[in-house]
Structures are given as structure tokens and as C-alpha cells.
Amino acid sequence: MSRRVLALLCVAGAASLTYGVADLGDGLTAGASETVKFLHTLDDQPLEFTFRTEQTITPAVEQFHQTAENPYRGDADSIAAGKKLYLRWCKSCHLKDGTGRIGPNLVDDKWLRERTGTDQGKFEIIYAGGAGAMQAFGRRMDQDDILKVMAYLDVLGKE
Ligand code: HEC
Numbered sequence: 085m086s087r088r089v090l091a092l093l094c095v096a097g098a099a100s101l102t103y104g105v106a107d108l109g110d111g112l113t114a115g116a117s118e119t120v121k122f123l124h125t126l127d128d129q130p131l132e133f134t135f136r137t138e139q140t141i142t143p144a145v146e147q148f149h150q151t152a153e154n155p156y157r158g159d160a161d162s163i164a165a166g167k168k169l170y171l172r173w174c175k176s177c178h179l180k181d182g183t184g185r186i187g188p189n190l191v192d193d194k195w196l197r198e199r200t201g202t203d204q205g206k207f208e209i210i211y212a213g214g215a216g217a218m219q220a221f222g223r224r225m226d227q228d229d230i231l232k233v234m235a236y237l238d239v240l241g242k243e
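Rendered as C-alpha cells:
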């Protein structure tokens, strides 16, 4: 094999390695410096943040876009705020205790969709909607509030 071909192969190898690190295949995680690629729950199409363009993008939301980890997890004030939002927007289908009626159970140990077991998957279905009655709450709530509801979901059923 000539040197030239070898060099080309190395470049190709390095490129695929870089790609592998930045996008771990399932699109669920990204390197720290990457912006997370959010997807629509139903068709995996790229999710753009087009709702409520006047909202304040808080530092927590910015951080979430970078890491896909909810910065409000475990924070008492956020959980309390999230509880109010949950009772207002989510209870009708998922019930006060999260055991579900029109919407699935949110407090047992399985998720209808694999991705909703992660912060990213929860955010995606809450922001942009899922099947049937699970509408896009990003139209009604700021992204910061969605993170607070998610902090509440983490403790719901464990209070
Ligand atoms: C009008 C009924 C309705 C309301 C209100 C509703 N949901 Fe849902 N929710 C559903 C349905 C139906 C599904 C299943 C959709 C799917 O899998 O595509 C769902 C799915 C979910 C899931 C994924 C569950 C899993 O097992 O994968 C989460 C998380 C969720 N909802 C959170 C919320 C939150 C948070 C709110 C309030 C902001 C909310 N929902 C309000 C009906 C509702």
C-alpha cells in the first residue's frame, strides 16, 4: 500500500473517531463542548426551539442545552415550583400521584419510550409533544419551567 493511501486511511479513521465521540450513535449524549441534538419523540427529526420566542433563556436552560442534564434536579425551590406546574398542566392525564390515566404512569420503573428515561427524552416529549393527547407543552410553558417540572417528576412518587 502506498504512503498516500495509508495517509488517506488515517484521515478517514480519525474523522470517524471524532464523529463517534461527538455523537454517540443514539443521539442521546454529546461531548461537553457540543450542543445537544434534541429530537422529536415520534420521528427523531431535529427539534428546533421555535415556541415562545420571547421567553427568557435562563442559565439553567443554557446549561441544559449543552449537557442534557437537568441543573434543577434535587433543588428544593425548583421542585416546589415544578409541583405547582405539574398540578396545573399534567395532573389531568397523569394524575396527581403520577400513576396515570389518559397518560402513562410516570412513577413506576418503566418508561413507555426508552428515551423518556433520560432528562433529554423527557424534555423532548414535554417540549414538543408525543402521540395523541401528549401535546407540545413548549407552546404553553417556558423551557425553564419544563426543567422545573422535570425536577418534580424525579421526586414524584418518592416524596
Ligand atoms: C391530555 C393528556 C396529557 C397531559 C395534560 C399530559 N400528558 Fe404526558 N402523556 C400523555 C400521553 C397520552 C402520553 C403517551 C404519549 C407517547 O408515548 O407518545 C404521555 C407521555 C408522557 C411522558 C413519557 C412517558 C413514558 O412512559 O415514556 C412524559 C414524561 C410525560 N407525558 C410528561 C408530562 C408532563 C410533565 C405533563 C405536563 C406538563 C404532561 N405529560 C401532560 C398525555 C398527557
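In terms of my numbering, the sequence shown is numbered consecutively and its last residue is 243.
Positions of the beta carbon are idealized from the N, C-alpha and C atoms, including for glycine.
On a predicted model such as this, the values are computed, not experimentally measured, just so you know.
Residues near residue i in its chain [Cβ-Cβ closer than 8 Å; skip 5 each side]
i: L169; result: M225, D229, K232, V233 and Y236
i: T119; result: H149 and Q150
i: W173; result: F221, R224, M225 and V233
Cut-off 7 Å between Cβ atoms - residues of its own chain near residue i, not counting five sequence neighbours on either side
i: G184; result: H178 and L190
i: G201; result: W195
i: R157; result: A235 and D238
i: K167; result: Y236
i: Q129; result: L123
i: A165; result: K232
Beta-carbon proximity check, residue i vs residue j, cutoff 9 Å
i: D181; j: L131; result: no
i: F135; j: R223; result: yes
i: W195; j: G205; result: yes
i: A152; j: D203; result: yes
i: R199; j: I209; result: yes
Close-in-space but distant-in-sequence residues of the same chain around residue i (CB under 6 Å, 5 per side omitted)
i: P155; result: A144 and Q147
i: G213; result: Q219 and A220
i: F298; result: Not covered by the structure: residue 298. The range shown for the chain is 85 to 243.
Cβ distance (whole Å) where residue i is taken to contact residue j below 8 Å
i: Q227; j: Q139; result: 7 Å
i: A217; j: L126; result: Not quite, the Cβ-Cβ distance comes to about 13 Å (not below 8 Å), so this is no contact.
**Report entry** alpha helix (DSSP H) runs wholly inside the stretch 157-243, at least 4 long, in chain order
**Finding:** 160-173, 175-178, 203-212 and 227-239
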